[in-house]
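To start, the structure under review is shown below, and the notes come after it.
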Amino acid sequence: MHFPRRWRREALLRCDNNDENERKNKLIQIAIDGPSGAGKSTVAKAVAKRLGIIYVDTGALYRTVGYYVRSREVDPKDPEAVAALLPEISVELKYVDGVQVVFLNGENLGDRIRTPEMSMYASAVSAIPAVRAFLLNTQREIAEKNSVIMDGRDIGTVILPHADVKIFLGASDECRAKRRYDELTAKGIETTYEDVLSDMRKRDLDDSTRSVAPAVAAEDAIPFDNSWMTPEECTDKIVALIEEQIKGKKI
Ligand code: DC
Numbered sequence: 022m023h024f025p026r027r028w029r030r031e032a033l034l035r036c037d038n039n040d041e042n043e044r045k046n047k048l049i050q051i052a053i054d055g056p057s058g059a060g061k062s063t064v065a066k067a068v069a070k071r072l073g074i075i076y077v078d079t080g081a082l083y084r085t086v087g088y089y090v091r092s093r094e095v096d097p098k099d100p101e102a103v104a105a106l107l108p109e110i111s112v113e114l115k116y117v118d119g120v121q122v123v124f125l126n127g128e129n130l131g132d133r134i135r136t137p138e139m140s141m142y143a144s145a146v147s148a149i150p151a152v153r154a155f156l157l158n159t160q161r162e163i164a165e166k167n168s169v170i171m172d173g174r175d176i177g178t179v180i181l182p183h184a185d186v187k188i189f190l191g192a193s194d195e196c197r198a199k200r201r202y203d204e205l206t207a208k209g210i211e212t213t214y215e216d217v218l219s220d221m222r223k224r225d226l227d228d229s230t231r232s233v234a235p236a237v238a239a240e241d242a243i244p245f246d247n248s249w250m251t252p253e254e255c256t257d258k259i260v261a262l263i264e265e266q267i268k269g270k271k272i
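Those letters in the sequence shown? Residues 22 to 272, by the numbering used here.
Encoded structure:
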């Protein structure tokens, strides 16, 4: 299917104030939520490329806050201590050659936020309401200015409740753990499949049972299980699903 040019990033990045409302109406928002290792980022990245829109990885924001908390040797589960650090933190989302880069106080942390330890720190700080409030505008602002496909845990429920399409991506625990294990070992991070599986189950339980913005599917989200699908198969099906959902909608 040919996507209207008006969706295209170039057409959306700049325009007159007069066109502000019209422009906003033309933006498209796609929310992809789901547990860790469901393949959200791989698929969302590929879908973004196919549709010519921006991919926003919101987990990277929580990982960045977690990284700072770790660097200050603060307990990530202590809401008051973590909240007290927030005024010292500036988290910026930028796009370099179309790829998202997150800056912590002006520094690009690269893969330092991708370790299993940072996954646990991110999960712990993400349960703190002050942290979620701190990162809320960064996420909404980017979707106000660009057409996006955004992945996370509360995109369809909290960040973009009026998203055009909401997908809740899942896969069996074993499948997800295998993917995460392959990803980490490919990056040279030493771990075992068993450790990845048990960390993942713990993190999923924490993320989905926390009191603030738990990782659950929005009522109007489409559940999509991609166990044993290749990334390409999953991308094709998700693109088809998005086309189907968007069809007939006035954007
Ligand atoms: O998607 P990820 O594995 O990079 O996310 C790391 C942690 O951040 C995850 O365990 C839960 C939290 N998170 C969240 O609470 N809300 C989001 N929108 C994204 C991530």
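Cβ coordinates follow ideal geometry from the N, Cα and C atoms, glycine included.
Membership of residue 112 in the beta strand (DSSP E) is indicated by the continuous run 112–117. Nearest C-alpha to residue 121 among 145, 264, 143 and 69: 69. Distance check between residue 128 and each of 80, 113 and 136 places 113 closest, using alpha-carbon atoms only. At a cut-off of 4 residues, the continuous stretches assigned as alpha helix (DSSP H) that sit fully inside the stretch 40–102 are 41–47, 61–72 and 80–92.
For residue 83, the Cβ falls inside the 7 Å cut-off from some heavy atom of the ligand DC. Contact check between the stretch 179–188 and the stretch 49–58: three or more CB pairs, one atom from each, fall below 8 Å, which counts as touching. The Cβ-Cβ distance between residue 65 and residue 247 does not fall below 8 Å. For residue 220, the enclosing alpha helix (DSSP H) begins and ends at 214–230. DSSP places residue 107 outside any alpha helix (DSSP H), giving it a letter other than H or E. The alpha carbon of residue 71 has as its nearest neighbour, out of 256, 101 and 217, the alpha carbon of 256. By the neighbour-count criterion, in which a residue is buried when 16 or more other Cβ atoms sit within 10 angstroms of its Cβ, residue 150 is exposed. Each of 193, 130 and 217 was checked against the Cα of residue 245, and the nearest Cα belongs to 193. In this structure, residue 75 lies away from residue 158, with their beta-carbon atoms at least 8 Å apart. Looking at the backbone, the Cα of residue 169 and that of residue 49 are separated by about 6 Å.
Shown here for residue 126: same chain residues with a beta carbon closer than 6 Å to its own, the five before and five after excluded, namely 111 in chain order. Relative to the ligand DC, the beta carbon of residue 80 is positioned inside 7 Å of a heavy atom.
Where residue 187 is concerned, the enclosing beta strand (DSSP E) starts and stops at 186–191. Going by DSSP, residue 139 is part of the alpha helix (DSSP H) stretching over 137–147. Taking each of 124, 107, 108 and 109 in turn and checking the Cα distance to residue 115, the smallest one comes out for 124. With a cut-off of 7 Å, the C-beta of residue 57 is classified as near the ligand DC, since at least one heavy atom of the ligand falls inside that distance. Within 10 angstroms of the beta-carbon of residue 177 lie 16 or more other beta-carbons, which makes it buried. Taking residue 89 as the centre and dropping the five residues before and after it, the same chain places the C-beta of 106, 110 and 125 closer than 7 Å to its C-beta, in chain order. In the three-state reduction of the DSSP assignment, residue 150 falls in the helix class. About 14 Å separates the Cβ atoms of residue 87 and residue 100, ruling out a contact at the 8 Å cut-off.
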